[in-house]
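Under this note's numbering, the final residue of the sequence shown carries the number 500; numbering is consecutive throughout. Reading through the structure tokens given below for one structure.
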Amino acid sequence: MKNKIVVVLSIFLPFVFFLGHLPELSIPLAFAKENHFLISKEEFLASDFSKHFKKREFGKALNTLDKLIKKYPNDPLILRYRALTLDRLSRRKEAIAEYKKILSKNPNHVPTRLFLGLAYARDKQPDQAVKELRWVVKHSTSEKYRHWAQAQLTRVKRGGKKVEKPVRKKPYLLGKIGAYYDSNPLLIPNAENLSSQSKKDGMDFPINLNVGYPLILKKEFRLDVIYVGQTLLHDKGTDDVDFTSQGVALDAKKRVFFGDRAALIGGRYDFKANFLRSDLFAVINRFLLSMDTSFWKKTRTRFYGRLSYSNYGPDGSNPPVTSRDGFREGLGIVQTFFLAKDFRTHFFAKQEISLANTRGENFNRKGSLTRLGIHAPLDFLGPIDLDGSTGFDYGTYPEFSSLSVLDLNERRDMRTDAYTALTYHWKPNFATRGLYRYINSNNDNDFYERDRHIAGMEVIFSL
Numbered sequence: 038m039k040n041k042i043v044v045v046l047s048i049f050l051p052f053v054f055f056l057g058h059l060p061e062l063s064i065p066l067a068f069a070k071e072n073h074f075l076i077s078k079e080e081f082l083a084s085d086f087s088k089h090f091k092k093r094e095f096g097k098a099l100n101t102l103d104k105l106i107k108k109y110p111n112d113p114l115i116l117r118y119r120a121l122t123l124d125r126l127s128r129r130k131e132a133i134a135e136y137k138k139i140l141s142k143n144p145n146h147v148p149t150r151l152f153l154g155l156a157y158a159r160d161k162q163p164d165q166a167v168k169e170l171r172w173v174v175k176h177s178t179s180e181k182y183r184h185w186a187q188a189q190l191t192r193v194k195r196g197g198k199k200v201e202k203p204v205r206k207k208p209y210l211l212g213k214i215g216a217y218y219d220s221n222p223l224l225i226p227n228a229e230n231l232s233s234q235s236k237k238d239g240m241d242f243p244i245n246l247n248v249g250y251p252l253i254l255k256k257e258f259r260l261d262v263i264y265v266g267q268t269l270l271h272d273k274g275t276d277d278v279d280f281t282s283q284g285v286a287l288d289a290k291k292r293v294f295f296g297d298r299a300a301l302i303g304g305r306y307d308f309k310a311n312f313l314r315s316d317l318f319a320v321i322n323r324f325l326l327s328m329d330t331s332f333w334k335k336t337r338t339r340f341y342g343r344l345s346y347s348n349y350g351p352d353g354s355n356p357p358v359t360s361r362d363g364f365r366e367g368l369g370i371v372q373t374f375f376l377a378k379d380f381r382t383h384f385f386a387k388q389e390i391s392l393a394n395t396r397g398e399n400f401n402r403k404g405s406l407t408r409l410g411i412h413a414p415l416d417f418l419g420p421i422d423l424d425g426s427t428g429f430d431y432g433t434y435p436e437f438s439s440l441s442v443l444d445l446n447e448r449r450d451m452r453t454d455a456y457t458a459l460t461y462h463w464k465p466n467f468a469t470r471g472l473y474r475y476i477n478s479n480n481d482n483d484f485y486e487r488d489r490h491i492a493g494m495e496v497i498f499s500l
């Protein structure tokens, strides 16, 4: 039996060796061997690369590809995406070298030729770019690739200047009109013996209008000039505190990248003149800087800082003590967690520290604000959104001295409030809202301790 096996093998092994060297059969056999060391489409899509690439985390995407290339050293798919990722990282020389390496083994691969041409164009090598793009236009059997290459070829011939469709700039309006019941519009202390006026409830009628125009409107940057108008009217008996504010703002936003991380940088300047009835009450200059970015999946983080200078006109009976003129600063962070795939439901947490450095010692303040809130659509009821939040505002006045013998305690703000609202969206630019707010201003000094209930309706619109 053993001798028979030896005889059979001696007959068939040379035949198999001969078949393997036939041109018609050696290619499929080699391809089968090579395929054994190629990554499958399913494994490639399941890797972390696609996740990082979609999020523009190109550094992490490249690290993932480098790990895959160790397992599949000559895989053209991995090499092609590695070159593309290097290009996205502005490592153009390395990307071009990778594309050339792929083409040395498969010189007729159309997508690689196209992306090599684009890399040449971004590397400011127009002659090489034109050569590769013309090859694609001439040899590609795909109409999509031919059109793409022709469009890029035209752009390269213009010197790399992209002809963008002009964006139409037009003015816009954002408005809100409301009517509220207010249990304490005059801010009378709970201890009414400390006030010459008795506590009154009444109606508030707020009107807010913002009219803006984009002075600059580009893909990565915009600058708006905005008129900001606010009015708070009261019914008879509390109209002594009718308030009006007229102002103008410059609001800028720019999209930037820190490595792989995208961020939206914001800057804003406001000038406001505030009036009580018809008398000038305060002039305020305010600056705001902010940055929005995302550190984790389905989250948004905002950092902000604000600085304002206020001039309140009359400084009171003893300006070194009673003047409110001065600087007010704040630094804060708002962390938002999106709780649904459509990003419509979210929870937020806000923390801010603040300082007031005023001319009058009684208004120098150190404070901290914490706020938690949620926004959720109630689709089962219709186009309705629910908003709810609660906050705690704590502030100390290190140099405070009471101006009344009725209460000589230090002023220490400990304000809590709760807010809830239901918004019905009649149209994308028109909604109505019902709201309720409770404010409890506890204080060591009874002059500043009061409760307040506000409930009412708002009409919100935009044009």
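Glycine is no exception: its CB is placed at the ideal position from the N, C-alpha and C atoms.
Pull the bridge partners of residue i from the DSSP assignment, please.
i, result
"V371", "R339, K387"
"K309", "G284, I321"
"V293", "A300"
"G432", "G404, D450"
"H412", "H383, D424"
"I497", "K213, A468"
Could you give the distance in angstroms between the alpha-carbon of residue i and the alpha-carbon of residue j?
i, j, result
"E257", "F332", "21 Å"
"F429", "G404", "11 Å"
"W172", "I370", "53 Å"
"K291", "S441", "51 Å"
"F86", "G96", "10 Å"
"Y231", "T395", "Checking the displayed sequence, the identity of residue 231 turns out to be Leu instead of Tyr. Roughly 25 Å separates the two Cα atoms."
"S426", "Y456", "5 Å"
"T359", "D416", "52 Å"
"K236", "N221", "7 Å"
"K334", "R314", "49 Å"
"N479", "F375", "33 Å"
"F385", "Q372", "6 Å"
"E389", "Y431", "11 Å"
"G363", "I321", "10 Å"
"E94", "L121", "13 Å"
"A188", "Y136", "21 Å"
"K255", "G342", "25 Å"
"F295", "G493", "44 Å"
"P226", "I497", "33 Å"
"F242", "Y475", "18 Å"
"L325", "R129", "38 Å"
"Y250", "S282", "20 Å"
"I253", "G304", "14 Å"
"P110", "S77", "14 Å"
"D238", "L472", "17 Å"
"R470", "Y461", "6 Å"
"A319", "Q234", "24 Å"
"H73", "A134", "Model confidence at H73 stands at a pLDDT of 47, short of 50, so the residue's coordinates are unreliable; what they give is reported in the following sentence. Spanning the two alpha carbons is a distance of roughly 26 Å."
Where does residue i sit, in a helix, a strand or coil, going by DSSP?
i, result
"H490", "strand"
"S426", "strand"
"D238", "coil"
"H184", "helix"
"W463", "strand"
"E229", "helix"
"G57", "With a pLDDT of 43 at G57, under the threshold of 50, the predicted position of this residue should be treated as unreliable, and no value is reported."
"I76", "coil"
"R205", "coil"
"T149", "helix"
"Y218", "strand"
"L326", "strand"
"S87", "helix"
"R474", "strand"
"G96", "helix"
"A377", "coil"
"T275", "coil"
"T395", "strand"
"D316", "strand"
"T457", "strand"
Residue i: buried (16+ other C-beta within 10 angstroms of its C-beta) or exposed?
i, result
"T149", "buried"
"H513", "This structure leaves residue 513 out entirely; the chain is present only between 38 and 500."
"P208", "exposed"
"L82", "exposed"
"D103", "exposed"
"D164", "exposed"
"R487", "buried"
"Y349", "buried"
"E436", "exposed"
"F380", "exposed"
"G154", "buried"
"W185", "buried"
"V293", "exposed"
Can you check the stretch 237-269 for any beta strand (DSSP E) of at least 3 residues that lies completely inside it and give the ranges in chain order? 239-254
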